[in-house]
Amino acid sequence: MMLIQNIALFFIATLITFVIFIIDLNTNNTLAVASLYTVVILYSWLLPGKYASIYAALTCTGLTFFAVIKTAEMNIDPTNLSQMNMVISIVAIWTSVTLVFIAKSSFASLESINNQLSESSAALLEKVKELDVHQEQLSKNKILLENLNKELLIKNQELERFTSIASHDLQEPLRTIGNMVQLISKKYHDNFDAQGKKILDYVTTATERMTIMIKGLLSFSRIGNKRKIETVACQTLVEDIVLDFDATLKAVNGKVIFDSLPTVNGNPVELRLLFQNLISNGLKFRKIDVLPVIEVSAKESNTHVTFSVKDNGIGIDSNDFAKIFFIFQRLHPTEEYDGTGLGLAYCRKIVELHGGKIWIESKIGEGSSFNFTLAKNI
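Sequential numbering from 0 applies to the sequence shown in numbering that gives the first Met the number 0.
#1: Is it true that the CB of Ile213 sits closer than 7 Å to the CB of Leu169?
#2: Apart from the five residues just before and just after Val180, which ones in its own chain have a Cβ nearer than 6 Å to its Cβ?
#3: Between the beta-carbon of Ile359 and the beta-carbon of Val350, is there less than 7 Å?
#4: Mind checking Lys309: buried by the 16 CB within 10 Å criterion, or exposed?
#5: Name, in chain order, the residues that DSSP records as bridge partners for Val202.
#6: Just how far apart, CA to CA, sit Leu57 and Ser117?
#7: Taking its Cβ as the centre, do 16 or more other Cβ atoms sit within 10 Å of His133, making it buried, or is it exposed?
#8: In whole angstroms, give me the CA-to-CA distance for Leu182 and Gly195.
#9: Tell me whether the beta-carbon of Ile313 lies closer than 7 Å to the beta-carbon of Phe284.
#10: Whole angstroms are fine: how far does the CA of Asp131 sit from the CA of Asn383?
#11: Can you name the start and end residues of the alpha helix (DSSP H) that Phe371 belongs to?
#12: Which complete beta strand (DSSP E) runs does the segment 99 to 127 hold, if anything under 3 residues is left out?
#13: With 16 other CB atoms within 10 Å as the buried threshold, where does Thr29 fall?
#14: CB Ile40 to CB Val96, shorter than 7 Å?
#15: Alpha carbon to alpha carbon, what distance is there between Thr302 and Glu294?
#16: Any idea what DSSP makes of His303, helix, strand or coil?
#17: Taking all protein chains shown into account, do 16 or more other C-beta atoms lie within 10 angstroms of the C-beta of Thr78, making it buried, or fewer, making it exposed?
#18: Grab me the residues of Leu173's own chain with a C-beta within less than 8 Å of its C-beta, minus the 5 sequence neighbours each way, in chain order.
#19: With the cut-off set at 7 Å, would you say Gly342 and Asn276 are in Cβ contact?
#20: Excluding the 5 residues flanking Ser368 on each side, which residues of the same chain have their C-beta closer than 6 Å to its C-beta?
#21: Do the CB positions of Thr262 and Thr372 come within less than 7 Å of each other?
#22: Tell me whether Met186 is buried or exposed, calling it buried when 16 or more other Cβ atoms sit within 10 Å of its Cβ.
#23: According to the neighbour-count rule (16 or more other Cβ atoms, all chains shown, within 10 Å of its Cβ), is Arg160 buried or exposed?
#24: Compute the Euclidean distance between the alpha carbons of Tyr54 and Ala121, then round it to the nearest angstrom.
#25: Of the choices Ala7, Asn370, Ser43, whose alpha-carbon is the least far from that of Phe324?
#26: Who are the Cβ neighbours of Phe397 in its own chain at under 6 Å, not counting the five residues just before and after it?
#27: Please go through the same chain and pick out, in chain order, the residues whose beta-carbon is closer than 6 Å to the beta-carbon of Ala232, but skip the five residues on each side of it.
#28: Are the C-beta of Glu360 and some C-beta of chain B separated by less than 7 Å?
#29: Can you list, in chain order, the residues of its chain whose CB lies under 7 Å from that of Ile89, leaving out five sequence neighbours each side?
#30: For Gly364, count neighbouring Cβ atoms within 10 angstroms of its own Cβ and tell me buried if that reaches 16, exposed if not.
#31: CA-CA distance, Ile228 and Glu129?
#32: Please report the distance separating the alpha-carbon of Pro267 from that of Ile278.
#33: Taking Ala102 as the reference, which of Glu135, Ser52, Phe65 has the closest Cα?
#34: In this structure, how does DSSP classify Val289 when only helix, strand and coil are distinguished?
#35: For Asp310, does the three-state DSSP call read helix, strand or coil?
#36: Out of curiosity, what's the CA-to-CA distance linking Leu143 and Ile153?
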């Protein structure tokens, strides 16, 4: 089909050229007739091939020369303007060639730009399709996340109710056991031998420890409920905590060093419990022959404030770093260090509720550094 089209174009161009040439041979005005070759030059735009216009121009130029020589127009009247007809015709032919080349170059540039735009449009369309797929996936993920959040909220509420009910229900029989043990100890203590008295003391101690653990579990489940966020001056907060620990610090000749702590947004009760637990740990897990020194410092970034509570105590083995922030995880028996194993679990939960994270850096015998971040905006 393309070949037939090209043959037809060449035939038409040849026909037009032949007609003009015949007319040129049979007239005495080369300018008027030869200038019609510009039609052939302009028509050559449609012919295939990069140099079709040049070939057409050369053919038309040759035919013009031939017609002038054949008709002897230049020798008729040398003073007449007609002697310049051939030159003017040649100029018209090659001017047309120049215009065709300029037009072709512009058309080629436009075609190249159009191709680039088409490719860009196709690439953009693919990107839009990808974005649509991603948007659809994001919508699905959003719906899934919302459903998971709803389920999590329900689970948390159920867990809170369960913890509250279980704690209250467990405290009642424990209270009964404690009262019965006290009654037995008061009324029948003298009737027990040494082993019986020891067993009775074990029961009493275990009952008291279980009561403390249940109360701690209940307190842990309530952290984050009915929270009120406000501006908290950490410098003032730590100053008040140090005053509370005044008697303990004097008893062990310890000290807490801090200066220029920033102001943050958070729940004051929770943040007080956070700093209080970490400072208390530094005093509790001190080395026997070293006076306890606890350093509290802070460093601000664009989004968070990083706090550090560093002590010179007994330190923690790196193998225990991961588990110390979970509830009831004790590294030492109660005979050595008292406590419920909930303090650091409190700290982790409070830090996470304030948009941060908590971690530890420590070596056995060289002390520990508890580091945590708090988000500036929660």
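Don't be surprised by glycine CBs; every beta carbon is placed ideally from N, CA and C.
Let me lay it out:
#1: Within the sequence shown, numbered from 1, the residue matching residue 169 stands at position 170. Within the sequence shown, numbered from 1, the residue matching residue 213 stands at position 214. Yes, the Cβ-Cβ distance between Leu169 and Ile213 is below 7 Å.
#2: Locating residue 180 in the sequence shown gives position 181, counting from the first residue. Taken in chain order, the residues that qualify are Val202, Thr203.
#3: Taking the sequence shown and counting its residues from 1, one reaches residue 359 at position 360. Taking the sequence shown and counting its residues from 1, one reaches residue 350 at position 351. Cβ atoms of Ile359 and Val350: not closer than 7 Å.
#4: Position 310 of the sequence shown, counted from the start, is the residue given in the question as residue 309. By the neighbour-count rule (16 or more Cβ atoms within 10 Å), Lys309 is buried.
#5: Taking the first residue of the sequence shown as 1, we reach residue 202 at position 203. Paired residues: none, contrary to the question.
#6: For this step, residue 57 is matched to residue 58 along the sequence shown. For this step, residue 117 is matched to residue 118 along the sequence shown. Using only the alpha carbons, I get a separation of about 37 Å.
#7: As a working mapping, residue 133 is identified with position 134 in the sequence shown. His133 should be labelled exposed.
#8: Taking the first residue of the sequence shown as 1, we reach residue 182 at position 183. Taking the first residue of the sequence shown as 1, we reach residue 195 at position 196. Approximately 15 Å between the Cα atoms of the pair.
#9: As a position in the sequence shown, residue 313 is number 314, starting the count at 1. As a position in the sequence shown, residue 284 is number 285, starting the count at 1. In this structure, Phe284 lies closer than 7 Å to Ile313 by Cβ.
#10: Nothing about residue 383 can be reported from this structure: the residues present for the chain run from 0 to 377 only.
#11: Within the sequence shown, numbered from 1, the residue matching residue 371 stands at position 372. Unbroken run through Phe371 is the beta strand (DSSP E), 366 to 374; no alpha helix (DSSP H).
#12: none
#13: As a working mapping, residue 29 is identified with position 30 in the sequence shown. Unreliable positioning characterises Thr29 in this predicted model, as indicated by a pLDDT of 48, which lies under 50. The coordinate reading is nonetheless provided below. By the neighbour-count rule (16 or more Cβ atoms within 10 Å), Thr29 is buried.
#14: Indexing the sequence shown from 1 puts residue 40 at position 41. Indexing the sequence shown from 1 puts residue 96 at position 97. For Ile40 and Val96, yes; Cβs fall inside 7 Å.
#15: To locate residue 294, count along the sequence shown from 1; it is residue 295. To locate residue 302, count along the sequence shown from 1; it is residue 303. Their Cα atoms are separated by approximately 23 Å.
#16: Position 304 of the sequence shown, counted from the start, is the residue given in the question as residue 303. His303 falls in the strand class under three-state DSSP.
#17: Stepping through the sequence shown from its first residue, residue 78 is reached at position 79. For Thr78, the predicted model reports a pLDDT of 46, less than 50, meaning its position is unreliable and no value from the coordinates is stated.
#18: Looking up residue 173 in the sequence shown gives position 174. So the list reads Thr206, Met209, Thr210, Ile213, once near-sequence residues are dropped.
#19: By one-based count along the sequence shown, residue 342 stands at place 343. By one-based count along the sequence shown, residue 276 stands at place 277. Yes; because the gap between Cβ atoms is below 7 Å, this pair is in contact.
#20: If you number the sequence shown from 1, residue 368 lands on position 369. Cβ neighbours of Ser368 beyond the five flanking positions: Ser307, Lys309, Glu360.
#21: Counting from 1 along the sequence shown, the entry for residue 262 is found at position 263. Counting from 1 along the sequence shown, the entry for residue 372 is found at position 373. Against a cut-off of 7 Å, the Cβ pair of Thr372 and Thr262 comes out as no contact.
#22: Here residue 186 refers to the residue found at position 187 when the sequence shown is read from its first residue. The question names Met, but residue 186 in the sequence shown is Lys. Counting Cβ neighbours within 10 Å, Lys186 comes out exposed, since fewer than 16 surround it.
#23: Position 161 of the sequence shown, counted from the start, is the residue given in the question as residue 160. Per the 10 Å Cβ criterion, exposed.
#24: Position 55 of the sequence shown, counting from 1, holds the residue named residue 54. Position 122 of the sequence shown, counting from 1, holds the residue named residue 121. Approximately 38 Å between the Cα atoms of the pair.
#25: As a working mapping, residue 324 is identified with position 325 in the sequence shown. Checked all of Ala7, Asn370, Ser43; the closest Cα to Phe324 is Asn370.
#26: Nothing about residue 397 can be read from this structure; the chain reaches only from 0 to 377.
#27: Here residue 232 refers to the residue found at position 233 when the sequence shown is read from its first residue. Thr262.
#28: Here chain B cannot be found, since the structure has a single protein chain.
#29: Here residue 89 corresponds to residue number 90 of the sequence shown, with the count starting at 1. The residues are Thr60, Thr63.
#30: One-based indexing of the sequence shown puts residue 364 at position 365. Burial call: exposed.
#31: Stepping through the sequence shown from its first residue, residue 228 is reached at position 229. Stepping through the sequence shown from its first residue, residue 129 is reached at position 130. Roughly 41 Å between the two C-alpha positions.
#32: For this step, residue 267 is matched to residue 268 along the sequence shown. For this step, residue 278 is matched to residue 279 along the sequence shown. Pro267 and Ile278: Cα-Cα distance of roughly 16 Å.
#33: On the sequence shown, residue 102 is found 103 positions in, with the first residue counted as 1. The shortest Cα separation from Ala102 among Glu135, Ser52, Phe65 belongs to Ser52.
#34: For the purposes of this step, residue 289 is taken as the residue at position 290 of the sequence shown. Note: Val289 maps to coil in three-state DSSP.
#35: Position 311 of the sequence shown, counted from the start, is the residue given in the question as residue 310. Reduced to three states, the DSSP call for Asp310 is strand.
#36: Mapped onto the sequence shown, residue 143 falls at position 144. Mapped onto the sequence shown, residue 153 falls at position 154. Their Cα atoms are separated by approximately 15 Å.
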